[in-house]
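Trainee:
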Amino acid sequence: MKKAEREESWRKRLLALRSMEDGLHEEGFAMVAGVDEAGRGPLAGPVVAACVVLPPKADLPGVDDSKQMTARQRETAVPRIKEQALAYGLGVVSEKVIDEINILQATKKAMRAAVLDASAMLRETTGASLSIVLLDAVKLEDLPWPQRSLVHGDSRSLSIAAASVLAKVTRDAMMVQYDGQYPGYDFASNKGYGTKAHYAGLKAQGPCAIHRQSFLKKFFKKGR
Numbered sequence: 115m116k117k118a119e120r121e122e123s124w125r126k127r128l129l130a131l132r133s134m135e136d137g138l139h140e141e142g143f144a145m146v147a148g149v150d151e152a153g154r155g156p157l158a159g160p161v162v163a164a165c166v167v168l169p170p171k172a173d174l175p176g177v178d179d180s181k182q183m184t185a186r187q188r189e190t191a192v193p194r195i196k197e198q199a200l201a202y203g204l205g206v207v208s209e210k211v212i213d214e215i216n217i218l219q220a221t222k223k224a225m226r227a228a229v230l231d232a233s234a235m236l237r238e239t240t241g242a243s244l245s246i247v248l249l250d251a252v253k254l255e256d257l258p259w260p261q262r263s264l265v266h267g268d269s270r271s272l273s274i275a276a277a278s279v280l281a282k283v284t285r286d287a288m289m290v291q292y293d294g295q296y297p298g299y300d301f302a303s304n305k306g307y308g309t310k311a312h313y314a315g316l317k318a319q320g321p322c323a324i325h326r327q328s329f330l331k332k333f334f335k336k337g338r
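So this is what it looks like as structure tokens:
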């Protein structure tokens, strides 16, 4: 695909993704927050959530569901997202807390923290408060703002897509750092997911401090 064709494709995709926010702005929701997470499935490391509040008509061609982007595209997108965002926030919940309260509750905890972080930034920089929170297939029980849970939200909402990118890049960078602290599991490449190299590391040296013990029960039961 030629550059001009790729840019035209990105432009069309941007308009489709932004239609969710455009509709909400027309309904009177001035400050729309999108929330997503990264790291529900890995065997090691934290779950990370991000919340992004974009202005009307945000211009972020190429930003999409993080799973549809390359690592380079995601990393390039992060400064553009932060530059255009009215506010953004992060929430990080450790593997120890995941083991204590389960991954779903840990994901909600991280999302809640990300929303509150973004809300504080929004108030500080604009004096405004959130109008509505869009979440990717999750509902948070104790938020003071209206919310909508969207199945496949990261492919239907620009703000959720932007949050998915920010969460993914943040968590990936953490796992690269952990690779230096805990060598032998190939965290820099697999980001904690259960790859062949990761399983080989577990078999050779057992789990390390950032492994989710509740996720490893089947592994050790099978004696892989």
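The opening position of the sequence shown corresponds to residue 115 in this note's numbering, with each subsequent residue numbered one higher.
Every residue gets a Cβ at the ideal spot worked out from N, C-alpha and C, and that includes glycine.
Cα separation between residue 338 and residue 324?
Mentor: Locating residue 338 in the sequence shown gives position 224, where the first residue counts as 1. Locating residue 324 in the sequence shown gives position 210, where the first residue counts as 1. Low confidence applies to residue 338: its pLDDT is 48, below 50, so where it sits in the model is not reliable, and the reading given next is rough at best. Roughly 19 Å between the two C-alpha positions.
Trainee: How many whole angstroms separate the CB atoms of residue 164 and residue 132, which I take to be in contact at a CB cut-off of 8 Å?
Mentor: Against the sequence shown, residue 164 aligns to sequence position 50. Against the sequence shown, residue 132 aligns to sequence position 18. Between residue 164 and residue 132, the beta carbon gap of about 18 Å keeps them out of contact (Cβ cut-off 8 Å).
Trainee: For the beta strand (DSSP E) holding residue 255, just list the boundary residues, first then last.
Mentor: Within the sequence shown, the letter at position 141 stands for residue 255. Residue 255 -> no beta strand (DSSP E), and no H or E assigned at all.
Trainee: Do you know how far the Cα of residue 140 is from the Cα of residue 158?
Mentor: Against the sequence shown, residue 158 aligns to sequence position 44. Against the sequence shown, residue 140 aligns to sequence position 26. C-alpha separation (whole angstroms): 42 Å.
Trainee: Would you call the region 178–189 and the region 217–225 touching, i.e. three or more CB-CB distances under 8 Å?
Mentor: no
Trainee: Closer than 8 Å by C-beta to residue 194: which residues in its own chain qualify, once you throw out the five before and the five after it? Chain order, please.
Mentor: Taking the first residue of the sequence shown as 1, we reach residue 194 at position 80. Result list for residue 194: 174, 177, in chain order.
Trainee: Straight-line CA distance for residue 58 to residue 321?
Mentor: Outside the shown range of the chain, which is 115 to 338, sits residue 58, and nothing can be said about it.
Trainee: DSSP three-state label for residue 124, please.
Mentor: Position 10 of the sequence shown, counted from the first residue, corresponds to residue 124. If DSSP states are grouped into helix, strand and coil, residue 124 belongs with the helices.
Trainee: Counting Cβ pairs, one atom from each stretch, are 3 or more of them under 8 Å apart for the region 274–281 and the region 135–150?
Mentor: The count of Cβ pairs closer than 8 Å, one atom from the region 274–281 and one from the region 135–150, reaches three, so the stretches are in contact.
Trainee: Any contact of the region 195–209 with the region 227–246, i.e. 3+ C-beta pairs under 8 Å?
Mentor: yes
Trainee: Distance check for residue 265 and residue 162, CA to CA, integer angstroms please.
Mentor: The count along the sequence shown starts at 1 and reaches residue 162 at position 48. The count along the sequence shown starts at 1 and reaches residue 265 at position 151. So the two alpha carbons sit approximately 19 Å from each other.
Trainee: Pull the bridge partners of residue 263 from the DSSP assignment, please.
Mentor: Here residue 263 refers to the residue found at position 149 when the sequence shown is read from its first residue. Beta-bridge pairing links residue 263 to 249.
Trainee: Hey, would you say residue 113 sits closer than 7 Å to residue 296, going by beta carbons?
Mentor: Given a span of 115 to 338 for the chain in the structure shown, any question on residue 113 remains unanswerable.
Trainee: Under the rule that 16 or more other beta-carbon atoms within 10 Å means buried, what is residue 125, buried or exposed?
Mentor: Looking up residue 125 in the sequence shown gives position 11. With fewer than 16 Cβ atoms within 10 Å of its Cβ, residue 125 is classed as exposed.
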